[in-house]
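Q: What follows is a single structure, and I will ask about it in a moment.
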Amino acid sequence: MTQTDPSLPSDFIRNIIDDDIKTGKHQGRVATRFPPEPNGYPHIGHAKSICLNFGLATQYGGTCNLRLDDTDPSGESMEYVESIVRDVKWLGFDWEDRLYYASDYYEKLYQYALQLIRKGLAYVCDLNADQIREYRGTLTEPGKESPFRNRTVAENLDLFVRMRAGEFADGSRVLRAKIDMGSPNVTMRDPIMYRIKKESHYRTGDAWCIYPMYDFAHCLSDYIEGITHSICTLEFENNRPLYDWFLDQLVEKPRPRQIEFARLNLSYTVMSKRKLLELVETGVVGGWDDPQMPTLSGMRRRGFTPEAIRKFCEKIGVSKNDSLIDMALLENCVRDDLNEKALRVMAVLRPLRVVIDNYPEGEVEMFDCPYHPKNAEMGSRQVPFSRNLFIEREDFMEEPPKKFFRLAPGREVRLRYGYFIRCVGVVKDPATEEVAEVHCTYDPQTRSGFAPDGRKVDATVHWVSAPHAVPVEVRLYDRLFRVPDALSEPGEFTEYLNPKSLEILKDCRLEPSLAAATPGQRFQFERLGYFCPDSGDSPERTPVFNRTVTLRDAWAKIAEKGR
RNA sequence: UGGGGCGUCGUCAAGCGGUAAGACACAGGAAUUUGGAUCCUGCAUUCGGAGGUUCGAAUCCUCCCGCCCCAGCCA
10 MTQTDPSLPS DFIRNIIDDD IKTGKHQGRV ATRFPPEPNG YPHIGHAKSI CLNFGLATQY
70 GGTCNLRLDD TDPSGESMEY VESIVRDVKW LGFDWEDRLY YASDYYEKLY QYALQLIRKG
130 LAYVCDLNAD QIREYRGTLT EPGKESPFRN RTVAENLDLF VRMRAGEFAD GSRVLRAKID
190 MGSPNVTMRD PIMYRIKKES HYRTGDAWCI YPMYDFAHCL SDYIEGITHS ICTLEFENNR
250 PLYDWFLDQL VEKPRPRQIE FARLNLSYTV MSKRKLLELV ETGVVGGWDD PQMPTLSGMR
310 RRGFTPEAIR KFCEKIGVSK NDSLIDMALL ENCVRDDLNE KALRVMAVLR PLRVVIDNYP
370 EGEVEMFDCP YHPKNAEMGS RQVPFSRNLF IEREDFMEEP PKKFFRLAPG REVRLRYGYF
430 IRCVGVVKDP ATEEVAEVHC TYDPQTRSGF APDGRKVDAT VHWVSAPHAV PVEVRLYDRL
490 FRVPDALSEP GEFTEYLNPK SLEILKDCRL EPSLAAATPG QRFQFERLGY FCPDSGDSPE
550 RTPVFNRTVT LRDAWAKIAE KGR
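For the first sequence, the working numbering assigns the number 10 to the initial residue and increments by one for each residue that follows.
As structure tokens, then:
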């Protein structure tokens, strides 16, 4: 039996690499690359690939390059390159000096194309796009050979050089590999290697008017960089014979090997660039970095940590199964990380006024409250207490149902880090009949949080001193969709958007210590969830906090069942 | 009706002929100044189905079923 270290992940890719190392392929070297096209913002699906590629390099003492796969000038830009660079760094990975661009290989690729022409394995084809499609055949019928397929090497060389020189119009000619129009694999039916696009490239400008296709550029880029294991997603499986074909014709062994794994799908969100773009363009979300988005920039703004995302990527594993990962797993990873790191503070999201009738008017006490229940090294802060407080509206009920432990008429609860208080009355808004104010008395003997007579309370509630509280806006984020897999539902996926994926609360009150909070800090608002200052459009004077994720809520489950 | 893949617990996922890891979710319970965190306990007699090979099969063979990908001058 194979003896494997159970602490290390085991998956089919690592099995392949272990094998290669055993047999001495590439002299035991491991070189990977993360090769995004700079035409969009990276999302959590990219994170899976990033963690895999960089993780493999680290585990096997190899290297991982960051390569921008920029072979199609339309839609690519430096803005996207910057977002990719920023997000990979943020996730905690380092490509050292190996930041590469496919566009840096244009000249080399052109030379390889010339070589293929000289070998009689590539030809210039004058068919237009529609004709090429017709000639390609269908999934069940073979294709037909192009009438230009048997041009001489000299003619092909001449034409291709002139394509590069800009003599021909866009779409008038392409360079094709001469493989097999009858192949059952459509990818192999004389695939296009170069197309004419008189379009400015964000890096090479107008230096080129012909651009290599993915299939031709990618395998050779891997080869040029000395990549040993070229990891990509499942939809490229059909392209692997072509990846191998180009390398077989053009370069020496050992050659990189393409290995495909399943891309990430996450429940309650969507991952495709097209769909995400639609959400941005139709204003469903505020932008690529909207905290509702599964983009890395959105998650960062939401308060997710890179550590949590890396842990998540490790936990989901790598396989070839089409899968839909439960969002609950990501949320669990985020809570797990934040539980350790977040400073505990008190915030009241939906304030209910509480007056402590027997507490002297004008008096203020300062309570020393630890920032973390388990980690004293995280320190503490002073929190003011006074006669007028706010508590959470949902922590009081005039007619409490069974199993509701919190404040109710006649009932006693503990204020977090403070006194026991007992509800002695309520004041209602005459117009709405809603509880406007709760009157309580406090027990001065319970300052420690315990009663000298040993009596217990069923609940501890958080609070904030009304005159000292900082008013803020809080944005409650929840899952983007109401259903796990919006794409598999009938109709438009946008019909399944969760109307409560963003709820804005404008009248929240925070304990005064939070007035100094800055983006990048993470807090747990006790009993509510994890929150962070918004790094986006928070205006200077009224700070905004984003809810990263709620705490697990046993009461919510009980209340749900009760209904 | 072509080709390429994939089917192990609700969701992921190990397993590579020797008798089903783990995680999340879920359900109970302990403890608790967060109905949080923590800690216990439970959760696949069975691996898409049917046959076959074998002392022994999730692992090998055969057939069947289901799902995904491919007909961009996108990647």
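Just so you know, even glycine gets a beta-carbon here, dropped at the ideal spot from N, CA and C.
As the structure is a computational prediction, the values presented were derived from the model and not from experiment.
I'd like to check one pair, M355 with E482: are the Cβ atoms closer than 8 Å?
A: On the first sequence, residue 482 is found 473 positions in, with the first residue counted as 1. On the first sequence, residue 355 is found 346 positions in, with the first residue counted as 1. Cβ distance not < 8 Å, so E482 and M355 don't count as in contact.
Q: Inspect the beta-carbon positions of M222 and R249 and report whether they are closer than 8 Å.
A: Mapped onto the first sequence, residue 222 falls at position 213. Mapped onto the first sequence, residue 249 falls at position 240. Contact flag unset, no.
Q: Grouping DSSP H, G and I as helix and E and B as strand, with all else coil, what is R423?
A: Indexing the first sequence from 1 puts residue 423 at position 414. Strand, per DSSP.
Q: How many angstroms separate the CA atom of L537 from the CA atom of T242?
A: Counting from one through the first sequence, the residue named residue 537 turns up at place 528. Counting from one through the first sequence, the residue named residue 242 turns up at place 233. Cα to Cα, the separation comes out at about 39 Å.
Q: Just to confirm, is the Cβ distance from Y7 to Y121 under 8 Å?
A: With the chain covering 10 to 572 only, the question about residue 7 has no answer from this structure.
Q: So for P315, helix, strand or coil by DSSP?
A: Mapped onto the first sequence, residue 315 falls at position 306. Looking at P315 - three-state DSSP - the assignment turns out to be helix.
Q: Does P45 pass the burial test, meaning 16 or more other C-beta atoms within 10 Å, or should it be called exposed?
A: Reading the first sequence from its first residue, position 36 is the one you call residue 45. By the neighbour-count rule (16 or more Cβ atoms within 10 Å), P45 is buried.
Q: Restricting to runs no shorter than 3 residues, where is the beta strand (DSSP E) found entirely within the segment 424-498?
A: 429-437, 444-452, 472-474, 479-486
Q: Rounded to whole angstroms, what's the CA-CA distance from T551 to P480? Just pull it up for me.
A: In the first sequence, residue 551 corresponds to position 542, counting from 1. In the first sequence, residue 480 corresponds to position 471, counting from 1. Between T551 and P480, the C-alpha separation is close to 8 Å.
Q: Spatial neighbours of I219 within its chain, please: CB distance less than 6 Å, with the 5 preceding and 5 following residues excluded, ordered by chain position.
A: For this step, residue 219 is matched to residue 210 along the first sequence. Taken in chain order, the residues that qualify are M172, R173, Y203, I205.
Q: Select from D135, Y144, I53 the residue whose C-alpha is nearest the C-alpha of N165.
A: For this step, residue 165 is matched to residue 156 along the first sequence. For the set D135, Y144, I53, the Cα lying nearest the Cα of N165 is the one of D135.
Q: Considering S92, what are the terminal residues of the alpha helix (DSSP H) in which it resides?
A: Mapped onto the first sequence, residue 92 falls at position 83. First-last of the alpha helix (DSSP H) with S92: 87-100.
Q: Under DSSP, the alpha helix (DSSP H) around V162 begins and ends at which residues?
A: Position 153 of the first sequence, counted from the first residue, corresponds to residue 162. Segment 162-173, the alpha helix (DSSP H) holding V162.
Q: Take K465 as the anchor and find which of F414, L514, P476, Q124 has the nearest alpha-carbon.
A: Counting from one through the first sequence, the residue named residue 465 turns up at place 456. K465 has its Cα closest to that of F414, out of F414, L514, P476, Q124.
Q: Where do the N-terminal and C-terminal ends of the beta strand (DSSP E) with F540 fall, by residue?
A: Position 531 of the first sequence, counted from the first residue, corresponds to residue 540. F540 -> beta strand (DSSP E) spans 538-542.
Q: Which residues mark the beginning and the end of the alpha helix (DSSP H) in which A56 is found?
A: What you label residue 56 is simply residue 47 of the first sequence in a count that begins at 1. Taken as a continuous stretch (DSSP letters only), the alpha helix (DSSP H) holding A56 covers 53-68.
Q: Could you have a look at V343 and say whether DSSP puts it in helix, strand or coil?
A: The sequence position of residue 343 within the first sequence is 334, counting from 1. Correct three-state label for V343: helix.
Q: Does any heavy atom of the ligand MG sit closer than 7 Å to the C-beta of R198?
A: As presented, the structure is devoid of all ligands, the ligand MG included, so that no description of it is given.
Q: Judging by CA-CA distance, which residue of D438, R283, T450 is the nearest neighbour of V422?
A: Taking the first sequence and counting its residues from 1, the one referred to as residue 422 is at position 413. If we check each option's Cα against that of V422, T450 comes out closest.
Q: With C-beta atoms as the reference, is F245 less than 8 Å away from S328?
A: Here residue 245 is taken as the residue at index 236 of the first sequence, counted from 1. Here residue 328 is taken as the residue at index 319 of the first sequence, counted from 1. Cβ distance not < 8 Å, so F245 and S328 don't count as in contact.
Q: What does the alpha-carbon distance come out to for the pair D167 and F177?
A: Looking up residue 167 in the first sequence gives position 158. Looking up residue 177 in the first sequence gives position 168. D167 and F177: Cα-Cα distance of roughly 12 Å.
Q: Less than 8 Å between the CB atoms is what I'm expecting for R76 and R42, so what's the real figure, rounded?
A: As a working note, residue 76 is residue 67 in the first sequence. As a working note, residue 42 is residue 33 in the first sequence. About 5 Å separates the beta carbon of R76 from that of R42, a gap short enough to meet the 8 Å contact definition.
Q: Out of D28, R266, Q530, I513, point me to the one whose CA is closest to Q301's CA.
A: Numbered from its first residue, the first sequence carries residue 301 at position 292. Checked all of D28, R266, Q530, I513; the closest Cα to Q301 is I513.
Q: Taking a contact to mean a Cβ-Cβ separation below 8 Å, would you say N62 touches R107 in this structure?
A: Looking up residue 62 in the first sequence gives position 53. Looking up residue 107 in the first sequence gives position 98. Not closer than 8 Å, so no.
Q: Below 8 Å CB to CB, which residues in the same chain sit around E372 once its five sequence neighbours on both sides are set aside?
A: Within the first sequence, residue 372 is the residue found at index 363, counting from 1. S395, R396.
Q: Of the choices I141, G152, I400, E85, whose alpha-carbon is the least far from that of Y110?
A: Position 101 of the first sequence, counted from the first residue, corresponds to residue 110. The shortest C-alpha separation from Y110 is found at E85.
Q: Quick check on T13: buried or exposed, where buried means 16 or more other Cβ atoms within 10 Å of its Cβ?
A: On the first sequence, residue 13 is found 4 positions in, with the first residue counted as 1. In this prediction, T13 has a pLDDT of 46, which is less than 50 and means its spatial position is unreliable; what the coordinates show is noted afterwards. By the neighbour-count rule (16 or more Cβ atoms within 10 Å), T13 is not buried but exposed.
Q: Kindly indicate which residue of D562, I430, R425, Q530 has the alpha-carbon position closest to the one of L347.
A: The sequence position of residue 347 within the first sequence is 338, counting from 1. Minimum Cα distance to L347 is reached at Q530.
Q: Restricting to runs no shorter than 3 residues, where is the beta strand (DSSP E) found entirely within the segment 322-381?
A: Along the segment 322-381, the beta strand (DSSP E) occurs as fully enclosed runs of 3 or more residues at 352-354, 360-365, 374-379, listed in sequence order.
Q: Let me know if R283 comes out buried or exposed under the rule of 16 or more other beta-carbons within 10 Å of its beta-carbon.
A: Your numbering for residue 283 matches position 274 in the first sequence. That one is exposed.
Q: Determine the DSSP secondary structure at Q530, reduced to helix, strand or coil.
A: Here residue 530 corresponds to residue number 521 of the first sequence, with the count starting at 1. The answer is coil: DSSP assigns Q530 none of H, G, I, E or B.
Q: In three-state terms, what does DSSP make of T196?
A: In the first sequence, the residue the question calls residue 196 occupies position 187. If DSSP states are grouped into helix, strand and coil, T196 belongs with the helices.
Q: For F43, name the three-state secondary structure that DSSP assigns.
A: Counting from one through the first sequence, the residue named residue 43 turns up at place 34. Of the three classes helix, strand and coil, the one that applies to F43 here is strand, per DSSP.
Q: For D189, which residues of its own chain have a beta-carbon under 8 Å away from its beta-carbon, when the five flanking residues on both sides are left out?
A: Within the first sequence, residue 189 is the residue found at index 180, counting from 1. M197, R198, D199.
Q: Entirely within the segment 273-316 and at least 4 residues each: give me those alpha helix (DSSP H) ranges in chain order.
A: 282-290, 305-311
Q: Under a three-way DSSP split, which group does M387 fall into?
A: What you label residue 387 is simply residue 378 of the first sequence in a count that begins at 1. The three-state reading of DSSP puts M387 in helix, counting H, G and I together.
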